[in-house]
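To keep things clear, I will list the structure first and then write my remarks on it.
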Amino acid sequence: MPTISRRTFMKTMAVGSGTIAYMATALTVHGAGPEVYKLRIVHTNDHHARIEPVLSGTSPLHGGVSRRKTLIDAIRKEGGNQLLLDAGDVFQGTLYFNQYRGMADLEFYNALKYDAVAIGNHEFDIGQAPLADFIRGARFPVLSANIRADGSSPLAGLIKPWTVIWVGGQPIGIIGVTTEETVVLSNPGPGVTFTNYIDAVKLGVATLRQAGVNKIIALTHVGVQADRILASQVDGVAVIIGGHSHTPMGPMLSKPSASQPYPEVIASPSGKPVIVAQDWEWGRWLGDLTIGFDANGDVTTVVAGKPTEVLPAIDPDRGFENRIATFKGPLDQLRATPVGETAVALNGARADVRTRETNLGNLIADTTLAKTAPAGAQIAIVNGGGIRTSIPAGRVTLGQVLEVQPFGNTLVVMTVTGAQVKEALENGVSQVEQVAGRFPQVGGMRYSWDATAPAGSRITGIQVSDGKGGFTAIDPNASYRLVVNNFIATGGDGYSVLQRGTNRIETGFLDADVFVEYMRTNSPVNPQVEGRIVQNGLLPGVAVPIPAELPRTGGELSPAWLLALAAAGAIGGGLRLRERAARMAAHRQDEA
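Numbering-wise, the working numbering puts 394 at position 388 of the sequence shown, and it's gapless, one number per residue.
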């Protein structure tokens, strides 16, 4: 039985009802045969039509296929045995997809010379025909072993379950699989079915092994937790290159963690190491790792992964830039497309969405709840920094929506406790003095907070909608389904508590698309500020805390009474009242 070098350590990871053993650093395997072959795997996933560089909070523009081309060309010049793989969700996310239905992305993927691409759930967002066109035009195999397309489907006979690619004189087997949740996350339509992904990989391994292929990669679009389960339940897979969960690993994390290295190494049922890697999303990074194999196809070494951040300093490929310019022309007309009307001006002013409730913050939160209600969403948090401008009353265009929500964030639904909701809101109001982007606009709930309290202790009340027009106090121990954007779902803007959310659904729904869909269905909209966020006061239905003693002098309210009224929101000017009460108390001390 192979053993692992002491330079690597074993841990256990809870997944579902069981645990998975995994090894959380680069490794050397003792007991395996001598290394006879090295393979470098360069990979991407969840491209989502990000042909141009993307905004990333306050960071510079990341990604873009032109820079990706520059990096890949440089890697290929280094020589050696290489594969370029993509784990799916090439489609959906920008106007390039709205206009070209995947054909623009296909041109660049062909030019990048991908060796294989898995099918993601978003490849079905507008039915089967665009995916069929993509596969017919692809100069690489498009894979999924657990999709069955019958004779009525445009995809009949087009999808390959697996492929064998010869690299450096060795056959490499690649098996594709797609999340079974595609039937609820996308729009596959009739004629296609999705089978169990683990069974599909087992069949692929057996078939490839029988054909003499012993180095096998699973190219998956099922999410990192499902990848870990796959690694722990199936023998014969050496590497899993994944997507779907948009998981940052290793240096891709804002705060790199030993519990989520790049790559992860999971123990198979027979105890052999299985390499698991994902490349976050949108081409922000380029995944890159090198793996050693023995003659039996078992992993012997993993050279520490070295994914590259795709930053502006990388010179874009000029040929790609010229093609992008051609594709961009029709998009300007698309941006002028009306999507609805608003009866009132929608307030997205920076100083407002980052410090208090606004009607645009309410509207955006409500659109996310409406879209994700089928996934059980009850409450929503929207970071104010994700709202970039206002919209005047009247006609609303697609271009205006994209100015409000330019980041291309997607919606994530997760289960959190009431205590975690409070922790998230505490983070949201912790830097209001700096007008920080983390300030939480909300839907399906309301909260009160005290601006004079120290950060971390400012939330004074939270109530959750009962679905009947009323509100009830949040239960710290109860579970709630929360919808947020993928930026804060992965800890952005200080929302690290959301990384602990469970039963996550990465919907892939683009926030701007969700807003547009809502506008088209519900126009004219007329959102109002309605008391979802109460500063220096109490929520409706909460008793005013009356001091035990209410002394009066000459008809003037005591400092204690002033503070009580200010805290309860019974009278305005809470901060000024607190200052007045403090001055009164100090004056009386001086008199004493």
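All residues carry an ideal CB built from backbone N, CA and C; glycine is no exception. Quick caveat, the model's predicted, so the values are computed rather than measured.
Non-local beta-carbon contacts of Asp472 in its own chain, meaning distances under 7 Å to residues more than five positions away in sequence, involve Thr478 in chain order. Here the alpha carbon of Leu161 sits roughly 15 Å from the alpha carbon of Gly108.
Taking a contact as a CB-CB distance under 8 Å, the pair Gly289 and Ser529 does not count as one, their CB atoms being some 34 Å apart. Note on Ser158: under 16 other CB atoms within 10 angstroms of its CB, so exposed under the neighbour-count rule.
Following the DSSP letters along the chain, one finds Phe130 in no beta strand (DSSP E), marked with neither H nor E. The DSSP-derived three-state label of Lys428 is helix. Trp455 sits buried, since 16 or more C-beta atoms from the chains shown fall within 10 Å of its C-beta.
In the displayed model, Leu67 falls within a strand according to three-state DSSP. For the beta strand (DSSP E) assignment, the uninterrupted runs of no fewer than 3 residues enclosed by the region 458–539 are, from N- to C-terminal side, 465–471, 477–479, 485–491 and 508–516. As DSSP reads the structure, His227 sits in a beta bridge with Thr184. Contact between Gly179 and Trp168 holds: their C-beta atoms lie close to 6 Å from each other, under 8 Å.
By the neighbour-count definition (other C-beta atoms within 10 Å, threshold 16), Asn328 is an exposed residue. The Cβ-Cβ distance between Gln426 and Val503 falls below 8 Å. Under the DSSP assignment, Gln406 falls in the alpha helix (DSSP H) whose first and last residues are Leu404 to Val410. Contiguous beta strand (DSSP E) elements confined to the region 320–362 occur at 344–348, taking only those with 3 or more residues. Distance between Arg401 and Thr188, taken at the CA atoms: about 35 Å.
Collapsing the DSSP output to three states places Met258 in a helix. Residue environment analysis places Arg452 among the buried positions, since at least 16 neighbouring C-beta atoms fall within 10 angstroms of its C-beta.
Within the same chain, Val350, Leu352, Asn353, Pro533, Gln534 and Val535 come within 7 Å of Asn365 by CB-CB distance, once the 5 residues on both sides are set aside. Setting aside the 5 residues that flank it on each side, Leu191 is surrounded in the same chain by Asn127, each with a C-beta closer than 6 Å to its C-beta; the list follows chain order. Beta-bridge analysis with DSSP links Asn389 to Pro446. With 16 or more other Cβ atoms from the protein chains shown falling within 10 Å of its own Cβ, Ser251 counts as buried. DSSP lists Leu149 as the beta-bridge partner residues of Lys166. With a cutoff of 8 Å on beta-carbon distance, Ala244 and Ile272 are scored as not near each other. Counting of Cβ neighbours within 10 angstroms places Glu129 among the buried residues, the total reaching 16 or more. Secondary structure of Ile81 (DSSP, three-state): helix.
In this structure, the alpha-carbon of Phe299 lies about 16 Å from that of Gly311. In the assembly as shown, Gly303 is a buried residue. Its beta-carbon has 16 or more other beta-carbons within 10 Å. When Gly86, Val170 and Gly133 are compared, the shortest CA-CA separation from Gly218 is found for Val170. Here the alpha carbon of Pro275 sits roughly 6 Å from the alpha carbon of Ser238. The three-state secondary structure of Asp294, taken from DSSP, is strand. The beta-carbon distance between Val240 and Lys208, rounded to whole angstroms, is 6 Å. This is short enough to meet the 8 Å contact definition. Each of Glu84, Leu101, Arg142 and Ala135 was checked against the Cα of Leu112, and the nearest Cα belongs to Arg142. Proximity to Arg341 across Thr513, Pro412, Ala224 and Ala93 peaks at Pro412, based on C-alpha coordinates. Taking C-beta atoms under 8 Å as the contact rule, Ala457 and Asn542 qualify, at a distance of about 6 Å. The C-alpha of Ile480 is placed about 16 Å away from the C-alpha of Val540.
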